[in-house]
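A short write-up of the structure that comes next.
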Amino acid sequence: MEYRRFGGSGPAPRQEERALLSVGFILTNNFTLTALAPFIDALRLAADEGDRSRQIRCRWTIMGSRAEPVMSSCGIGVARWEPLTDPRRFDYVVVVGGLLHAGPQLDDETLAYLRAAASYGVTLVGVCTGSFVLSRIGLMKNRRCCVSWYHHRDFIEEFPDLVPVADQLYVVDRDRITCSGGAGVADLAAFLIERHLGRATAQKTMHILLIDKARPASQSQPQPPTVVEITNDRVRRALLLMEQHISDPLSVEEIVHRLNVSTRQFERLFRLAVGTSPATYYRSLRLRYGHWLLRNTKRSVTAIANEAGFADCAHFSRQFRELFGVSPSEVRRTAGPDAEADPHFSPLAAFRRTNANSLLPDRRLFEDPEPIVRDAAQVD
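In our numbering, the protein residues as written are 45 to 424.
Pasting the structure below:
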C-alpha cells in the first residue's frame with residue numbers, strides 16, 4: 045500500500061496558509077473523552093477573541109481512516125472531521141488514547157500515517173495511553189515517555205526496554221510529547237499555546253476555563269488515596285522515583301539531579317516530611333520488598349537480594365537482620381504458598397498490595413473488590 049499520499053513529494057503547505065498553532069487529533073478506539081475535550085477547548089479559546097470559537101490563531105481537526113464515529117470509553121462517539129491528511133499541515137499530531145485492553149487501538153493505515161508524520165519531522169503527541177501507541181510502533185525509542193501512575197505497571201511490563209516517567213504531568217522530549225492524561229491535558233495545551241501564541245493568550249485561556257494557572261510539566265501527578273500524605277512536591281516525586289526503582293536503585297545524587305535541587309536541601313526537606321533520611325527510607329523500602337518475597341515466593345535468597353536491589357546476598361542478609369532482627373533464612377521458614385504458581389503473578393504489584401507505605405500502587409489494586417488483609421507478620 046502506498047502511503048506517500050499522506051504527504052506526497054511536493055512542498056509542505058506554505059507558512060502563510062497556516063495558523064500560529066495547528067493540531068491534528070487522532071482518536072483511538074475507546075479513547076478517554078477527558079483527554080480530548082480540555083485540549084480542544086483550550087485551542088478554541090486561544091484561537092479567537094473571547095469565546096467566539098473561530099479558528100483564526102489556532103486550527104484543529106479530528107482525523108480518521110474511517111468515516112464511522114470512534115467510540116470513547118464512556119460511550120460517546122466522535123466522528124472524524126476529515127480523512128487522514130498531509131501531516132505537514134500540523135505543528136502537532138496528537139494521539140488520544142484510552143482503554144488498553146479493549147482490542148486494537150488503531151488500524152494499520154493510521155499507524156502508517158503516524159510513521160509518515162514522524163518521518164516528516166512533525167511533532168507527535170501521545171496523551172493518556174497514546175504514549176503506548178507511539179511506543180508500540182517504535183516512535184519513542186531513546187526518548188522519555190510520560191505515563192499515568194495508573195498505567196505505570198502496564199507500561200513497564202509491555203516495554204521493558206523503555207523507562208516511563210510517572211512522576212510528572214507531561215514530558216517534552218524533542219519531537220515527542222507525552223502526557224499522563226486527565227486534567228493534565230489542559231496544562232499541556234496551555235504550554236503549547238504559550239509556546240506559539242504567548243503567555244497572555246495562555247493565561248486568558250486558562251482563566252476562561254476557571255483554571256487559576258497552568259501547572260508546569262514537572263508538577264508531580266496527583267496520587268491515589270493510598271498515598272502517604274506528603275505535601276512537598278519534590279519529596280513526593282522522590283518517593284515515586286524510589287518505588288519505581290526498587291530493583292535498580294538510584295543514588296541520592298541521581299535523585300537530586302532529576303529533581304533539580306541540591307543534596308543538602310533535598311535531605312532537609314525529605315527528613316522534615318518523612319522523618320528519616322532518603323537513604324534510610326529507600327533501604328527500608330527495598331528490604332520490606334525482600335521480606336515480602338521471602339514469605340510469598342520460593343525464590344532463592346540470592347535471587348531475592350538481587351530483586352531488592354542489593355549487590356550481593358551477604359549485604360542483603362546483614363541489612364535485613366539489622367532491620368527485622370531475624371535472618372532471611374528464618375523468615376523463609378515461615379513462608380506461605382508460592383504466589384508465583386500463578387502465571388499472572390507480578391511480585392512488585394503484589395508487594396504494593398501489602399505495603400502500607402506504597403506510593404505508586406498497581407492499577408489492579410483499584411479493580412479488586414476484596415479487602416486487603418495484612419498478616420501481622422508482614423508489618424515491619
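All C-beta atoms, glycine included, are put in the ideal place defined by N, C-alpha and C.
All values reported here derive from a predicted model rather than from experimental measurement.
Legend entry - Reduced DSSP category for Met286 - H, G, I as helix; E, B as strand; rest coil: For the purposes of this step, residue 286 is taken as residue 242 along the sequence shown, with counting starting at 1. Helix.
Inset, instruction - Taking all protein chains shown into account, decide if Thr275 is buried (16 or more other Cβ within 10 angstroms of its Cβ) or exposed. - result: Within the sequence shown, the letter at position 231 stands for residue 275. The residue in question, Thr275, is exposed, as its Cβ has fewer than 16 Cβ neighbours within 10 Å.
Inset, instruction - Report the option in Glu93, Asp292, Pro322 whose CA atom is closest to the CA atom of Arg280. - result: Counting from one through the sequence shown, the residue named residue 280 turns up at place 236. Among Glu93, Asp292, Pro322, the Cα nearest to that of Arg280 is on Pro322.
Legend entry - Inter-residue spacing [alpha-carbon to alpha-carbon] between Phe176 and Ala210: Within the sequence shown, numbered from 1, the residue matching residue 176 stands at position 132. Within the sequence shown, numbered from 1, the residue matching residue 210 stands at position 166. Rounded to whole angstroms, Phe176 to Ala210 spans 13 Å at the Cα level.
Inset, instruction - Drop a sphere of 10 angstroms on the beta-carbon of Ser373, count the other beta-carbons inside from all chains shown, and report buried for 16 or more, exposed for fewer. - result: Taking the first residue of the sequence shown as position 1, residue 373 is located at position 329. Result: exposed.
Inset, instruction - Give the C-beta separation of Cys190 and Tyr214 to the nearest angstrom, bearing in mind that I take them to be a contact with Cβ-Cβ under 8 Å. - result: If you number the sequence shown from 1, residue 190 lands on position 146. If you number the sequence shown from 1, residue 214 lands on position 170. Yes, Cys190 and Tyr214 are in contact; Cβ-Cβ is about 5 Å, under 8 Å.
Inset, instruction - Work out the CA separation of Phe203 and Leu284 for me, nearest whole Å. - result: Walking along the sequence shown from the start, residue 284 turns up at place 240. Walking along the sequence shown from the start, residue 203 turns up at place 159. Approximately 19 Å between the Cα atoms of the pair.
Legend entry - For Leu206, the three-state DSSP class (helix, strand or coil): As a first step, residue 206 is located in the sequence shown; it is residue number 162 there, counting from the start. In the structure shown, Leu206 sits in coil (DSSP, three-state: anything other than H, G, I, E or B).
Inset, instruction - Work out the CA separation of Thr324 and Ala347 for me, nearest whole Å. - result: As a working note, residue 347 is residue 303 in the sequence shown. As a working note, residue 324 is residue 280 in the sequence shown. Distance between the alpha carbons of Ala347 and Thr324: 22 Å.
Legend entry - Length of the line joining the Cα atoms of Val216 and Gly182: Along the sequence shown, one-based indexing puts residue 216 at 172. Along the sequence shown, one-based indexing puts residue 182 at 138. Straight-line Cα distance between these residues: approximately 17 Å.
Legend entry - Boundaries (first-last residue) of the alpha helix (DSSP H) holding Cys172: Translated into positions along the sequence shown, residue 172 becomes position 128. Note, Cys172: premise wrong, no alpha helix (DSSP H); not H, not E.
Inset, instruction - Using alpha carbons as the reference points, say which of Gly141, Cys102, Arg124, Arg308 lies closest to Glu112. - result: Numbered from its first residue, the sequence shown carries residue 112 at position 68. The candidate whose alpha carbon is nearest that of Glu112 is Arg124.
Legend entry - Residues that DSSP places opposite Val140 in a beta bridge: For this step, residue 140 is matched to residue 96 along the sequence shown. Val140 is bridged to Leu71, Val171.
Inset, instruction - Ignoring anything shorter than 3 residues or poking outside the region 221–259, list the beta strand (DSSP E) runs there in chain order. - result: none
Legend entry - is_contact[Phe203, chain C] using C-beta, thresh 8 Å: Absence of chain C from the displayed structure is noted, only one protein chain being present.
Legend entry - Ile100 versus Leu64 - alpha carbon distance: Within the sequence shown, the letter at position 56 stands for residue 100. Within the sequence shown, the letter at position 20 stands for residue 64. Each residue's Cα considered, the two are about 8 Å apart.
Legend entry - Boundaries of the alpha helix (DSSP H) in which Asp152 is found, first to last residue: If you number the sequence shown from 1, residue 152 lands on position 108. Segment 152–163, the alpha helix (DSSP H) holding Asp152.
Legend entry - Where Asp356 falls: helix, strand or coil (DSSP): Within the sequence shown, residue 356 is the residue found at index 312, counting from 1. Asp356 falls in the coil class under three-state DSSP.
Legend entry - Residue from Leu143, Ile255, Val229 with nearest C-alpha to Ala261: On the sequence shown, residue 261 is found 217 positions in, with the first residue counted as 1. The shortest Cα separation from Ala261 among Leu143, Ile255, Val229 belongs to Val229.
Legend entry - Beta-carbon spacing of Asp292, Gly334 below 8 Å: By 1-based counting over the sequence shown, the position of residue 292 is 248. By 1-based counting over the sequence shown, the position of residue 334 is 290. No, the pair does not count as a contact, with Cβ atoms beyond the cut-off.
Legend entry - Beta-carbon spacing of Gly68, Arg133 below 8 Å: Mapped onto the sequence shown, residue 68 falls at position 24. Mapped onto the sequence shown, residue 133 falls at position 89. Yes, the Cβ-Cβ distance between Gly68 and Arg133 is below 8 Å.
Legend entry - Cα-Cα separation, Pro387 to Ser179: Within the sequence shown, residue 387 is the residue found at index 343, counting from 1. Within the sequence shown, residue 179 is the residue found at index 135, counting from 1. Here the model assigns Pro387 a pLDDT of 48, short of 50, so the residue's position is not dependable, and the following value carries that caveat. When rounded, the distance between both Cα atoms is 25 Å.
Legend entry - Proximity below 8 Å, CB of Pro6 to CB of Asn73: This structure cannot speak to residue 6, because the chain is shown only from 45 to 424.
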